[in-house]
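Below is one structure, written out as structure tokens, with a few remarks after it.
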């Protein structure tokens with residue numbers, strides 16, 4: 021019944037951190053999620069924390085975020101996700117939008 | 024995130040709570056209280072297996088319009104229907120308390136310039152009221168907000184902004200009614216019992232909640248504007264809400280007091296007269312009242328754009 | 064050779080019908096009019112045990128009053144009926160089985176009643192003939208499933224039984240023609256009996272009785288999708304579809320299924336489609352109901368023609384005012400016709416695009432679940448390669464030319480192929496997988512003792528699948544092995560996708576069998592609701608110049 025908290029670590033081939041110190045995107049609506057990204061010195065690694073009511077998708081979360089980190093060469097970033105039953109397509113899009121937002125210049129559209 | 028200019032041109036209805044908050048004050052002036060990075064989540068929801076949000080579903084902060092500090096409370100309907108719990112309720116109460124304190128300090132520091140620097144509170148309601156998961160704390164927050172309103176009265180104008188998807192229902196319907204000024208778009212709704220609950224309790228014959236046209240002409244912005252339950256009706260654009268806030272910020276406290284609908288013996292009398300009228304005429308539909316107040320073709324009003332509507336509409340005349 | 068003539072009467076059907084009409088005569092008030100209160104008695108007079116009976120109703124208009132009345136007949140007088148009807152939607156459609164009034168069923172689709180059908184099958188309350196496509200069932204109306212009595216529905220009638228079915232003509236002509244020309248009996252419920260009809264859709268001498276129903280017939284605005292509810296994910300899939308398929312093949316004639324995915328595509332035409340310079344090159348001719356979400360594309364000059372299966376509540380005036388686009392009668396109102404539209408959908412269009420619940424590694428797709436007998440309506444007629452097609456178009460030829468197994472299957476003859484496209488997500492709401500190793504259709508076939516698995520679209524007809532992972536161009540595959548690999552390659556983290564071989568997926572991307580959004584040059588960060596030409600129902604009304612009159616349930620004003 022309680023929420024599940026998942027914590028992962030990933031490593032991309034050519035990791036690159038985000039431009040902003042921190043950045044936030046999305047709303048924890050039904051079928052959606054919010055993403056908080058923070059620049060952190062993690063020796064090139066990416067840490068991810070997911071808080072979700074969904075049970076039994078731990079391995080899929082790990083694969084989804086790993087794919088995102090590897091494909092986009094994300095590193096030295098802490099990612100925190102509050103999820104409410106988002107489907108993979110939503111996770112896929114929100115993570116990419118959040119990364120674009122985290123790299124957008126202040127006041128500029130992502 | 025859109026830049027401020029793009030935000031201003033956007034739909035208030037489609038925006039999320041943070042975008043609305045940013046758009047209700049001048050470009051680049053918004054400072055958020057307890058922002059997502061502070062991770063001030065509800066302590067109750069995780070135990071119940073309900074998803075959490077870093078801002079607990081309410082964005083609070085302060086920005087500027089001219090020299091007026093504008094204290095913002097902006098509720099997010101997508102997170103548990105915008106319901107009020109312990110954390111976001113506390114954020115709302117303390118934002119009001121900060122506005123009150125700011126008023127005192129500004130008055131002390133700028134006695135000659137107070138009117139130009141007087142704070143304003145704008146609350147964007149998008150809620151069904153108490154969050155059932157943490158109902159006692161949520162109810163307490165309702166009471167504390169009402170208290171804070173009383174303390175702000177005659178000092179800091181409180182503006183209810185209602186133009187969101189969920190509307191403003193439940194206990195927060197009372198809270199909105201207790202503000203000084205209400206600004207709505209036609210898509211905004213204010214009520215106490217939600218349409219589905221009325222249908223459930225009284226039957227489909229009494230109120231068909233799936234008939235959205237009926238729901239909107241009973242609780243929506245146009246009805247509230249005709250009945251004088253809201254003071255301003257604007258297009259669904261963030262800049263239109265901003266413009267009203269800018270206008271209200273410059274009004275005198277006397278002008279603001281005159282916009283209230285409750286809060287004095289005279290106003291109670293006015294409300295009682297309305298109750299009497301409704302008892303006598305037994306309207307079957309809000310359109311009966313629209314007609315009573317002089318709108319010859321009430322069925323045409325919902326179809327009009329806000330601009331057309333404002334040109335032709337006849338409202339209840341206040342004493 | 065000696066010929067042996069059969070000694071028999073050759074007009075027994077006619078005689079029987081005459082006898083029934085005589086029994087019904089006392090209830091006729093004037094002309095062909097019967098009072099609503101006499102309907103049950105009328106049905107008891109004209110229906111005999113074991114008759115094949117049709118209650119008209121597709122997934123739109125319903126002969127709801129006649130369905131209610133059929134439930135009230137005396138089961139001692141009328142029982143063991145064989146219902147032959149396209150859709151089971153209303154509770155009454157199954158109540159007749161519960162009460163023993165009906166015994167056997169042949170149908171095409173059952174939305175809300177699907178679960179009850181499965182239960183009744185288990186309990187022996189119902190014998191199921193077959194689950195057809197619409198065209199297939201209409202075809203059998205003229206072979207071995209001709210209704211003895213048809214209970215149809217029209218908008219208006221005159222006292223001579225002429226019917227006006229207008230905008231919502233739907234299935235009425237095919238049912239009445241099959242019934243009446245085989246000496247059957249036709250009863251019509253109508254909203255209104257008038258002196259003069261706007262036009263005659265069904266001639267009065269094909270109709271035996273007309274009844275003014277106490278309430279107008281029930282109709283569901285089934286094809287209306289509120290743009291406010293379209294998600295960013297649907298916008299992304301829509302952009303992928305437009306760029307990766309519509310533009311790639313120059314798809315001009317097509318059908319859009321019901322749903323938010325295709326609604327998103329309709330609303331992306333005037334924005335994203337315009338930006339890609341596709342106006343006039345794609346989406347010129349549609350077979351579909353008057354979808355309100357198509358208004359912006361029509362108004363910005365994309366569409367040349369639309370023929371419709373049925374009407375759509377609120378679109379009457381808009382459609383009437385666009386007679387260059389829609390099929391509008393001399394009286395000025397549209398005539399829909401499901402049989403013709405389905406025929407066009409089968410033979411005359413280049414693409415079917417729709418959604419499904421499950422896809423298996425062979426590309427078979429189905430909306431069947433283990434405990435619901437639902438059927439697929441018209442989808443299989445459009446979601447297949449029409450083998451009888453002999454006219455060509457650029458899109459059709461391009462798919463045929465790209466067909467990876469053409470040498471094995473076609474020899475040296477040049478042939479085209481219909482685009483059959485499924486829009487899917489690897490996981491749907493509540494995280495139900497969109498790709499499975501075995502379709503639930505197998506479990507359903509076992510549970511409901513069906514001779515064949517209810518597959519909506521067969522894998523060999525499916526040419527493309529779109530998911531967030533990419534588009535699989537299945538027709539390009541040269542073997543079942545390759546086809547399965549392509550499906551696994553876009554199935555994400557489902558059990559089907561987990562078995563993908565990354566090397567194989569990479570190879571398929573290089574050979575253009577799989578294209579991701581990035582491969583297609585689509586910027587995912589642009590995939591959001593701001594791309595939609597209308598963001599809510601109010602915008603649609605504005606686009607229509609006030610001609611679209613949305614039903615109350617879609618108004619937020």
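Residue numbers (the numbering used here), protein chains in the order written: chain A, 21 to 130; chain B, 24 to 342; chain C, 64 to 620.
Ideal Cβ positions, reconstructed from N, Cα and C, are used throughout, including at glycine.
To the nearest angstrom, how far is it from the Cα of residue i to the Cα of residue j?
i	j	result
residue 429 (chain C)	residue 206 (chain C)	28 Å
residue 50 (chain A)	residue 231 (chain B)	26 Å
residue 75 (chain C)	residue 213 (chain C)	19 Å
residue 323 (chain C)	residue 298 (chain C)	10 Å
residue 292 (chain B)	residue 39 (chain B)	39 Å
residue 115 (chain B)	residue 304 (chain B)	40 Å
residue 203 (chain C)	residue 91 (chain A)	55 Å
residue 492 (chain C)	residue 190 (chain C)	34 Å
residue 56 (chain A)	residue 146 (chain B)	25 Å
residue 127 (chain B)	residue 585 (chain C)	54 Å
residue 560 (chain C)	residue 400 (chain C)	41 Å
residue 306 (chain B)	residue 300 (chain B)	9 Å
residue 178 (chain C)	residue 435 (chain C)	4 Å
So the alpha helix (DSSP H) residue i belongs to, where does it begin and stop?
i	result
residue 569 (chain C)	565-573
residue 133 (chain B)	Residue 133 (chain B) -> no alpha helix (DSSP H), and no H or E assigned at all.
residue 198 (chain C)	197-204
Spatial neighbours of residue i within its chain, please: C-beta separation below 7 Å, excluding the five flanking residues on both sides.
i	result
residue 264 (chain B)	35, 47, 184, 186, 206 and 257
residue 322 (chain B)	310
residue 383 (chain C)	391, 395, 396 and 397
residue 257 (chain C)	219 and 221
residue 52 (chain B)	86 and 87
residue 592 (chain C)	293, 295, 298 and 598
residue 189 (chain B)	100, 104, 105, 149, 150 and 151
residue 240 (chain B)	246, 309, 310 and 325
residue 127 (chain C)	153, 280 and 281
For residue i, report the span of its beta strand (DSSP E) as first-last.
i	result
residue 14 (chain A)	Here chain A covers residues 21 to 130 and nothing more, so residue 14 (chain A) does not appear.
residue 102 (chain A)	97-104
residue 329 (chain B)	No beta strand (DSSP E) contains residue 329 (chain B), which is instead part of the alpha helix (DSSP H) from 329-335.
residue 248 (chain C)	248-256
residue 255 (chain B)	255-257
residue 70 (chain A)	65-72
residue 204 (chain B)	204-208
Do residue j and residue i come within 8 Å of each other at the CB atom, strictly closer than that value?
i	j	result
residue 498 (chain C)	residue 557 (chain C)	yes
residue 484 (chain C)	residue 345 (chain C)	no
residue 118 (chain A)	residue 40 (chain A)	no
residue 153 (chain C)	residue 114 (chain C)	no
residue 55 (chain B)	residue 82 (chain B)	yes
Name, please, each residue of chain B whose Cβ falls closer than 9 Å to the Cβ of residue i.
i	result
residue 619 (chain C)	36, 188, 209, 210, 212, 235, 236, 238, 239 and 243
residue 70 (chain A)	The contacting residues do not exist; residue 70 (chain A) stays about 11 Å from chain B at best.
Give the interface partners of residue i over in chain A, defined as CB-CB distance under 7 Å, in chain order.
i	result
residue 588 (chain C)	116, 117, 120 and 130
residue 556 (chain C)	80, 83, 84 and 108
residue 102 (chain B)	47, 48 and 49
Please compile the residues from chain A whose C-beta is within a distance smaller than 8 Å of the C-beta of residue i.
i	result
residue 299 (chain C)	109 and 113
So with CB distances below 7 Å, who are the chain C contacts of residue i?
i	result
residue 51 (chain A)	492
residue 93 (chain A)	Result: empty, since nearest Cβ-Cβ is about 14 Å, beyond 7 Å.
Run through chain B and tell me which residues come within less than 8 Å of residue i, C-beta to C-beta.
i	result
residue 54 (chain A)	59, 76 and 77
residue 598 (chain C)	34 and 37
What does residue i touch in chain E if you count any residue whose Cβ is under 7 Å from its own?
i	result
residue 99 (chain B)	In summary, chain E is missing from the structure at hand, where the protein chains are A, B and C.
Sorted by chain position, which residues of the same chain lie with C-beta nearer than 8 Å to residue i's C-beta, five sequence neighbours on each side aside?
i	result
residue 106 (chain A)	51, 52, 53 and 114
residue 329 (chain C)	319, 354, 356, 357, 359 and 360
residue 524 (chain C)	446, 447, 448, 481 and 483
Residue i touches chain C at which residues, Cβ-Cβ below 9 Å?
i	result
residue 325 (chain B)	618 and 620
Sorted by chain position, which residues of the same chain lie with C-beta nearer than 6 Å to residue i's C-beta, five sequence neighbours on each side aside?
i	result
residue 600 (chain C)	289, 613 and 617
residue 133 (chain B)	140
Please list the partners that residue i has in chain B, where partner means a Cβ-to-Cβ separation under 7 Å.
i	result
residue 22 (chain A)	69, 70 and 72
residue 103 (chain A)	74
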